[in-house]
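Structure record follows, encoded as structure tokens.
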Amino acid sequence: MTFLEDCKLRRWIQWNFNNVYISKTAQLRAFCNACRLRHCLHHRSFAYITVRDRLPRILTKAVDSVHRHMDTFFEEHGQEGVEAEKRAIYLLAKLRNEVQTDKPALPLTDGLPDVDLWNEYLEQQQARLDKDEHPSWFKSPWLYMECYMYRRIQESLQLNPPMCDFDVFNEAKTQSFVGSQQAIIALCTYFLEITKKIEGFKDTQLKAELLLLMQVALWGNKCDLSISAGQDNSQSFNPLATLESLKPFILVDDFECVWELLINNKKNKTSETTCARIDIVLDNSGFELVTDLVLADFLITSQLADVIHFHGKSIPWFVSDTTKKDFDWTLKKMKEANHMQMSTCGMMWEKNVKQGIWIYHDHLFWTGPHEFCDMSVVAHDLYIELQKSNLIFFKGDLNYRKLTGDRKWNYTVSFDTALRGFQPAALCSLRTLKADIQVGLKPGQGEQLDVSDSEWMTSGRYGVIQFSGAYQK
Ligand code: F6P
Ligand code: MG
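Numbering that gives the first Met the number 0 numbers the first residue of the sequence shown as 0 and each following residue consecutively.
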């Protein structure tokens with residue numbers, strides 16, 4: 000290693016592994032991987048393919064969606080709407096060109112409350128580069144650039160006022176819900192059968208049902224529209240029918256820890272006023288959201304929790320992520336469904352919201368560029384809020400990437416280490432693997448998978464139920 004490389008390595012370790020113990024070999028391996036990403040995304044990496052193929056396809060679909068709504072903009076806003084639509088299309092097409100030609104990332108200009116946060120982040124990225132280099136699509140960290148693209152989509156609309164609230168992914172999300180109707184019916188029917196008997200359940204039965212519904216929520220994460228670049232990815236079959244056959248694909252299963260925590264909380268409740276709070280950091284709307292709502296309802300009905308706090312996105316994000324509009328729309332559609340079990344669930348869920356048993360939050364941090372280990376500084380209020388929880392579920396792949404900083408960790412590095420101090424409360428990730436990162440595996444497990452299935456980290460075929468935290472808060 001040359002002197003210059005050695006200095007870069009030291010600097011890099013300081014930025015990335017602040018106070019985290021990691022062996023010299025692992026540091027070196029991580030450094031090499033990061034350099035590959037920094038100087039040019041490796042041509043066969045999943046990150047490279049995402050930026051080269053998937054992101055431009057998503058932007059093309061966004062342009063189509065705006066274009067197809069021209070009549071609506073005209074009806075609602077007259078000629079002003081049409082002009083806004085044209086300018087938004089221009090900005091989205093320009094953004095696609097910036098991605099495809101690896102143009103430098105630009106500061107945001109739309110005046111939303113998170114502009115400074117994003118622009119400061121960009122400056123930090125710039126500070127890490129030589130003077131003649133600039134953060135850009137194929138050279139900067141994948142996680143950052145991918146998040147930045149969704150924020151730029153919002154900017155394209157935000158700069159053209161009548162369009163601020165237009166969700167370019169709305170149709171795809173709606174379609175994904177509709178396409179999953181049979182699976183939703185099967186799940187709701189099963190769930191309502193449980194609720195009829197739940198009062199007489201012994202702990203072993205409660206545990207078995209919790210495990211089942213957590214697995215449904217885990218595999219529901221296969222249905223995201225970012226991995227499919229906006230193509231339909233709905234759940235077409237009964238999710239309960241495949242759970243048994245999917246068990247070998249759960250690479251880390253910390254369900255026992257989750258169960259111990261919840262049942263001990265329930266047993267140790269000292270008074271009626273002590274409240275067991277569970278938070279769910281949501282991911283995709285459509286079928287996955289319904290699985291999360293069923294899990295949330297089960298936690299309340301079984302008295303394993305008294306209140307559920309949901310966390311969604313404040314702008315359209317990674318195509319299918321849940322916004323407040325999606326959340327409300329889903330509850331409404333469930334309630335209005337022409338199927339008894341679906342509409343019963345919809346009515347119960349609306350009641351939960353009205354009674355304050357279910358509380359929906361959004362916070363700009365979730366649609367920012369930061370990893371979660373930065374939350375206590377960058378979004379202190381959110382961190383304090385999460386500290387009130389007994390258990391936080393983090394749904395999906397992107398949340399996992401942000402929990403672990405999207406680093407190329409050794410497979411056997413512990414989840415706690417990869418979280419780098421992010422521990423507002425006990426937490427559990429329910430995630431199907433759709434990005435090349437995984438921690439907490441047994442020695443040799445990752446290497447074996449490398450041999451048996453070259454796409455194990457990115458295909459969504461595998462999943463984890465991964466826990467961090469003490470049993471007792
Ligand atoms: O575009 C790829 C990606 O960032 C992957 O990491 C992941 O497949 C997807 O987007 C988001 O997945 P999820 O909806 O599970 O967070
Ligand atoms: Mg998502």
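Quick reminder that beta carbons are idealized off the backbone N, C-alpha and C, glycines included.
As the structure is a prediction and not an experimental result, all values here were calculated from the model.
Q) So, is Arg150 buried or exposed, given that buried needs 16 or more other C-beta atoms within 10 angstroms? A) buried
Q: Have a look at His38 and Asp129 and give me their C-alpha separation to the nearest angstrom.
A: Summary for His38: the model assigns pLDDT 39, below 50, so the residue's position carries little reliability, and this model does not support an answer.
Q. How should Val177 be labelled, buried or exposed, when 16 other C-beta atoms within 10 angstroms of its C-beta is the threshold for buried?
A. exposed
Q: Confirm the yes/no value for this check: CB of Gly395, any heavy atom of the ligand F6P, distance under 7 Å.
A: yes
Q: Within 10 angstroms of the Cβ of Ser468, are there 16 or more other Cβ atoms? Answer buried if so, exposed if not.
A: Per the sequence presented here, residue 468 reads as Gly, with Ser not at that position. Around the beta carbon of Gly468, 16 or more other beta carbons sit within 10 angstroms, so the residue counts as buried.
Q) Given Cys31, which residues of its chain have a CB within under 6 Å of its CB, disregarding the five upstream and five downstream residues? A) Low confidence applies here, because Cys31 scores a pLDDT of 48, under 50, leaving its location unreliable and the question unanswered by this model.
Q) On the three-state DSSP scale, how would you describe Thr329? A) Residue state, collapsed to three classes: helix.
Q: Spell out a yes or no on whether the segment 68-82 and the segment 151-158 are touching, meaning 3 or more CB-CB pairs, one atom from each, closer than 8 Å.
A: no
(Q) Please report the straight-line C-alpha distance between Asp278 and Gly355, rounded to a whole angstrom. (A) 14 Å
Q | Separation of Asp327 from Ala46, as counted between CA atoms | A | Here the alpha carbon of Ala46 sits roughly 33 Å from the alpha carbon of Asp327.
Q. Where does Met339 land, buried or exposed, given buried means 16+ other C-beta within 10 angstroms?
A. exposed
Q: Please report how far the alpha carbon of Phe421 lies from the alpha carbon of Arg400, in whole angstroms.
A: Taking the straight line from one Cα to the other gives about 13 Å.
Q.
According to DSSP, Thr100 sits in a beta bridge with which residue or residues?
A. None; Thr100 has no bridge partner.
Q. Quick one: is Asp473 buried, meaning 16 or more other Cβ sit within 10 Å of its Cβ, or exposed?
A. Outside the displayed span of the chain (0 to 472) sits residue 473, for which this structure offers no information.
Q) How would you write the range of the alpha helix (DSSP H) that His379 sits in, first residue to last? A) 379-385
**Q.** Contact test: Ser225 Cβ vs the ligand MG heavy atom, cutoff 7 Å
**A.** yes
Q. I think Asp325 touches Lys172, with their Cβ atoms under 8 Å apart; what is that distance to the nearest whole Å?
A. 6 Å
Q) Across which residues does DSSP place Ile307 in a beta bridge pair? A) Ile277, Trp357
(Q) Does the beta-carbon of Asn283, which I'm using as the reference point, lie nearer than 7 Å to any heavy atom of the ligand FAD? (A) In the structure on display, the ligand FAD does not appear, and the ligands it does have are the ligand F6P and the ligand MG.
Q. Taking the alpha-carbon positions, what's the Gly439 to Ser244 distance?
A. 23 Å
**Q.** Entirely enclosed alpha helix (DSSP H) segments - the segment 414-443, minimum 4 residues
**A.** Complete alpha helix (DSSP H) runs here, min 4: 414-418.
Q. What residues match up with Ile183 in a beta bridge as DSSP calls it?
A. Looking at the DSSP assignment, Ile183 forms no beta bridge with any residue, so it has no partner.
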